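Presented below is the structure to which this report refers.
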Amino acid sequence: MSDKNDFKPDSIAALAALARLLAIAKTDTGQARRVADFLLAWHNAEENGGWDPVDLWQLDTGIAQDILLVTHS
């Protein structure tokens, strides 16, 4: 059983970034499609297809930073 004190600040930041990405993926924009592609690939790239990191260049800076934060945690 995990204690909430086991979470490091980086883990909390990554969870917050993930929540923001999930909210964006539910919208209907070009950025949402790219975020959804990332989340699906991050979950299971073999089943859902890969994700092209070049997509980061087509995202707002804050969204790209959230993706990088999630991949580094």
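28 is the number of the first residue of the sequence shown in the working numbering; add one for each residue after it. C-beta atoms are modelled at their ideal positions from N, C-alpha and C, and glycine is treated no differently. None of the values given here were measured: they were computed from a predicted structure.
(request) In angstroms with no decimal places, state the Cα-to-Cα distance between T98 and G57. (result) 21 Å
(request) Would you kindly report the start and end of the unbroken alpha helix (DSSP H) that includes D93? (result) 88-99
(message) If contacts are defined as beta-carbon pairs under 8 Å, then I51 and A59 qualify, I think. What distance do you get, rounded to the angstrom?
(response) 6 Å
(message) So, with DSSP's three-state summary, where would you put D55?
(response) coil
(request) Please work out which residues of its chain come closer than 8 Å, Cβ to Cβ, to G77, disregarding the five sequence neighbours upstream and downstream, and give them in chain order. (result) A68
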